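Remarks on the structure that follows.
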Amino acid sequence: MSARFRHPVADGGFTLPEALVALAIIAILAGLAAPSFNRIIATQRAKSIAADLITVLTRTRSEAIKRNTDVALMPVNGGQWQQGWAVLNPGAAGGNLEQHGAIVNATVTGPDSVVFHANGRLRGNTTPSFDISATGSAEHRCVMVDLSGRPYVKTGGC
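If you're matching positions, the sequence shown starts at 1 in UniProt numbering and goes up one per residue.
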């Protein structure tokens, strides 16, 4: 009988130097991609705030039509829209129909208030606009409301 000798079979996997090289490459690529991700996140933050404003302006207009009275959208803290905003309840003094919290890492500038009449049109002769910019991005979004009361958004400053 002949004796069979088995050679030890190497287990599959990476050696320590191979794993360290792979981790170093991943770290370098992540370091190169991080600034791009920060810009993307800032741009998406501005888009999200613009969408929130479009939604609340549409709701405010709808409430004015539904309740057949003037309904106002105002910043929570005297003219500082990034501190949050509220749709005031015309039927309850000091009450809100909706309130939005403070915005983080962004600046929102706009009018003192936006008031919709019972017919859905704006009070006054000027169209309100909100300029939105997020920290970390040079890109701006502009939310505007035409005199008929319909909000829309455009890329760029107001």
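We put the beta carbon where it would ideally sit given N, CA and C, even for glycine. Small disclaimer: the values here were computed from a predicted structure and weren't measured.
Residue span of the alpha helix (DSSP H) that contains residue i, given as start and end
i: Ala34; result: Leu16 to Arg67
For residue i, the first and last residue of its enclosing beta strand (DSSP E)
i: Glu98; result: Asn96 to His100
i: Arg141; result: His140 to Val145
i: Thr155; result: Pro151 to Thr155
Cβ-based neighbour list, residue i, same chain, cut-off 8 Å, excluding 5 preceding and 5 following
i: Pro128; result: Gly110, Pro111, Val114, Leu122, Met144 and Val145
i: Asn96; result: Ala86, Val87, Leu88 and Asn89
i: Ala118; result: Ala64, Ile65, Arg67, Asn68, Thr69 and Asp70
Beta-carbon proximity of residue i to residue j, cut-off 8 Å
i: Glu139; j: Ala46; result: yes
i: Ala42; j: Ala134; result: yes
i: Arg67; j: Gly120; result: no
i: Gly84; j: Val76; result: yes
Residue i in three-state terms, based on DSSP
i: Val104; result: coil
i: Ala92; result: coil
i: Gly84; result: strand
i: Thr109; result: strand
i: Pro75; result: strand
i: Ala134; result: strand
i: Ser129; result: strand
Of the residues the options, the one placed nearest residue i, counting alpha carbons only
i: Asn89; options: Thr55, Arg59 and Ala30; result: Arg59
i: Asp52; options: Phe116, Trp81, Gly13 and Gly120; result: Trp81
i: Met74; options: Phe14, Gly12 and Phe130; result: Phe130
i: Cys158; options: Val108, Gly94, His117 and Gly124; result: Val108
i: Arg150; options: Pro35, Val56, Gly13 and Leu20; result: Val56
i: Gly91; options: Leu32, Thr69 and Ile28; result: Thr69
i: Asn105; options: His117, Gly79, Gln44 and Leu20; result: Gln44
i: Phe116; options: Gly94, His100, Ala93 and Leu147; result: Leu147
i: His100; options: Ile54, Gly124, Asn125 and Ala93; result: Ile54
Close-in-space but distant-in-sequence residues of the same chain around residue i (CB under 6 Å, 5 per side omitted)
i: Glu98; result: Val87
Sequence-distant residues of its chain with Cβ nearer than 7 Å to residue i (five each side left out)
i: Arg141; result: Ala46, Lys47, Ala50, Ile132, Val153 and Thr155
i: Asn38; result: Gly136
i: Ala34; result: none
Min CB distance residue i to chain B below 8 Å
i: Ile103; result: Chain labels in this structure do not include chain B; a single protein chain is all it has.
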